[in-house]
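**Student:** Be aware that the sequence shown starts at 2, since it is given in our numbering, and climbs by one per residue. Each residue gets a CB set at the ideal place from its N, CA and C atoms; glycine is no exception.
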Amino acid sequence: MNDSGVHAVDMAVVGAGQAGLSAAHHLRRAGYEPDRDFVVLDHAPRPGGAWQFRWPTLTYGRVHGLHELPGLPLTGAREDLPSAEVIGAYFAGYEDTFDLRVHRPVDVRAVREGPDGRLLVETTEGTWAVRALINATGTWDRPFWPRYPGQESFRGRQVHTAGYRGPEDFAGERVIVVGGGTSAVQNLMEIAGVAAGTTWVTRRPPVFRNGPFDEDRGRAAVALVEERVRSGLPPQSVVSVTGLPMTEAMRRAREQGVLVRRPMFERITPEGARWADGSAVAADTILWATGFRAAIDHLAPLRLREPGGGIRMAGTRTLRDPRVHLVGYGPSASTIGANRAGRAAVREIRELLAGAEPGAPGSAQVSSGFLEVSGSAR
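#1: For my contact list, Pro144 and Ala130 are in at a C-beta cut-off of 8 angstroms; report their separation, rounded to the angstrom.
#2: Between Ala284, Glu80, Gln187, Pro264, which lies nearest to Trp381 when the distance is taken from Cα to Cα?
#3: Would you kindly work out how many angstroms separate the C-alpha atoms of Val112 and His326, rounded to a whole number?
#4: Please state if the CB of Val109 and the CB of Thr124 are separated by a distance shorter than 8 angstroms.
#5: In the stretch 141–166, which residue ranges form an unbroken beta strand (DSSP E) of at least 3 residues, counting only runs that do not cross its ends?
#6: Is the beta carbon of Ile350 less than 8 angstroms from the beta carbon of Met12?
#7: What did DSSP end up calling Arg263 once you bin it into helix, strand or coil?
#8: On the criterion of 16 or more Cβ atoms from any shown chain inside 10 Å, does Ser23 qualify as buried, or is it exposed?
#9: Quick check: the stretch 55–70 against the stretch 28–40, are there 3 or more CB pairs under 8 angstroms?
#10: How many Å lie between Gly6 and Glu126 at the Cα?
#11: In the DSSP assignment, what residue or residues form a beta bridge with Asn136?
#12: Could you spell out where the alpha helix (DSSP H) holding Phe92 opens and where it closes?
#13: Using the Cβ count rule (16 or more neighbours within 10 Å means buried), how would you classify Asp43?
#14: Round the Cβ separation of Arg268 and Gly151 to the nearest angstrom and send it over; I've been treating them as touching at under 8 angstroms.
#15: For Ala193, which option in Thr183, Gly182, Val178 has the closest C-alpha, if you only look at C-alpha atoms?
#16: Give the secondary structure of Ile192 by DSSP, where H, G and I count as helix, E and B as strand, and everything else as coil.
#17: Quick check on the DSSP output: the alpha helix (DSSP H) that includes Arg253 runs from which residue to which?
#18: Roughly how many whole angstroms lie between the Cα atoms of Gln19 and Tyr91?
#19: Could you give the first and the last residue of the continuous beta strand (DSSP E) run that contains Val103?
#20: Once DSSP output is grouped into helix, strand and coil, what is the label at Arg351?
#21: Tell me, to the nearest whole angstrom, how far the beta carbon of Leu245 is from that of Val186; I am working on the premise that it is less than 8 angstroms.
Following this line, the structure appears as structure tokens:
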């Protein structure tokens, strides 16, 4: 700490979910020491990333495509236990095994330009002056709430899937579930077992995927996400490019009339929702399973966004500031993608700090990675 009370380290990792822990692990492997050369800052109260906030009925056995963190297998996990418990314990063990010394709970309020070419990371723990930043804040803290005419007049309650705690909260109610992702489908199927009635609404007809999500499909999906990022547009959700994996439970729900989609309503009424054709559905609750946006507001002082609203990147590096790397964003917004992005970011930052040109021949890229569909909302 210098005379002004600012902590100085080479790098800061913001976020300790899959992407942040992967990056911290690769920093350790490269010989960097926690709290001397880099710091890991996480605002969550305990290990587990966004998984710790998942609803209890999302058991580990219902999670699709979780990829292990680098260097430590996840073995012996009970599939009947909540995913929050299993993955939280796994992440906690990972932090201890590699001595990552995560600082929590710490809120990062802003990242600004500082003196001597450093970035100032302003937090509730104080200010850190760093030469490079790995941002791994994910999306969980920014649930997306669409706006529709009449929304304020609805007499029932409106809940986002970020606040979903299980089907028992909807017992005996008439529920409209809005959203076409994996979480929407899982929540809908759970709620249908206890609710008085359910209605499933999506903006676009859902695309169900049969068969394995192999590497070829994954690369094609990543290419679509990368194209948006290169164009300076916000990345799309995983399901928008991969489709929904058709499971036996989903087939049964479709046969039972639960998984029957209606197009988006025209407006919300005090009693429920109304469609353009004049039809209406009464509801006690609207569950917005409408996804999340990247939690990167703390980076706003750096002016990284393009006119299209996204951040243009080369690999993990932001084009407007080579000191800033985003992992778990865009093409790396999956568990395997986060692992590869963490490795790539560390390699490029090492080149940057050594005076090499980031992205030069031999630099790591993440475009060969592929997305998996997870049981979480992304």
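**Tutor:** Result, derived from the coordinates:
#1: For the purposes of this step, residue 144 is identified with residue 143 of the sequence shown, where counting begins at 1. For the purposes of this step, residue 130 is identified with residue 129 of the sequence shown, where counting begins at 1. At roughly 32 angstroms, the Cβ-Cβ gap does not stay under 8 angstroms, so Pro144 and Ala130 are not in contact.
#2: Summary: the structure shown does not reach residue 381, with the chain confined to residues 2 through 379, and so no result is reported for it.
#3: The residue you call residue 112 lines up with position 111 of the sequence shown. The residue you call residue 326 lines up with position 325 of the sequence shown. Distance between the alpha carbons of Val112 and His326: 13 angstroms.
#4: Walking along the sequence shown from the start, residue 124 turns up at place 123. Walking along the sequence shown from the start, residue 109 turns up at place 108. For Thr124 and Val109, yes; Cβs fall inside 8 angstroms.
#5: 158–161
#6: As a working mapping, residue 350 is identified with position 349 in the sequence shown. As a working mapping, residue 12 is identified with position 11 in the sequence shown. Yes, Cβ-Cβ distance for Ile350 and Met12 is below 8 angstroms.
#7: Position 262 of the sequence shown, counted from the start, is the residue given in the question as residue 263. Three-state result, Arg263: strand.
#8: For this step, residue 23 is matched to residue 22 along the sequence shown. Its Cβ being crowded by 16 or more others within 10 Å, Ser23 is buried.
#9: no
#10: Against the sequence shown, residue 6 aligns to sequence position 5. Against the sequence shown, residue 126 aligns to sequence position 125. Answer to the nearest angstrom: the Cα atoms are 11 angstroms apart.
#11: Counting from one through the sequence shown, the residue named residue 136 turns up at place 135. Val15, Leu327.
#12: As a first step, residue 92 is located in the sequence shown; it is residue number 91 there, counting from the start. Per DSSP, Phe92 belongs to the alpha helix (DSSP H) from 84–98.
#13: Here residue 43 refers to the residue found at position 42 of the sequence shown. Buried, because 16 or more other Cβ atoms sit within 10 Å of the Cβ of Asp43.
#14: Sequence index remark: in the sequence shown, residue 268 carries index 267 (1-based). Sequence index remark: in the sequence shown, residue 151 carries index 150 (1-based). Confirmed, Cβ separation roughly 4 angstroms.
#15: The residue labelled residue 193 in the question sits at position 192 within the sequence shown. Of the candidates Thr183, Gly182, Val178, the one whose C-alpha sits nearest the C-alpha of Ala193 is Val178.
#16: Within the sequence shown, residue 192 is the residue found at index 191, counting from 1. Helix.
#17: Residue numbering aside, residue 253 sits at position 252 when the sequence shown is read from its first letter. Per DSSP, Arg253 belongs to the alpha helix (DSSP H) from 249–256.
#18: Locating residue 19 in the sequence shown gives position 18, counting from the first residue. Locating residue 91 in the sequence shown gives position 90, counting from the first residue. Near 11 angstroms, if we compare the C-alpha coordinates of Tyr91 and Gln19.
#19: As a first step, residue 103 is located in the sequence shown; it is residue number 102 there, counting from the start. Looking at the DSSP string, Val103 is not in any beta strand (DSSP E), and its letter there is neither H nor E.
#20: Locating residue 351 in the sequence shown gives position 350, where the first residue counts as 1. Arg351: helix per DSSP, three-state reduction.
#21: For the purposes of this step, residue 245 is taken as residue 244 along the sequence shown, with counting starting at 1. For the purposes of this step, residue 186 is taken as residue 185 along the sequence shown, with counting starting at 1. The Cβ separation is near 6 angstroms, so the contact holds.
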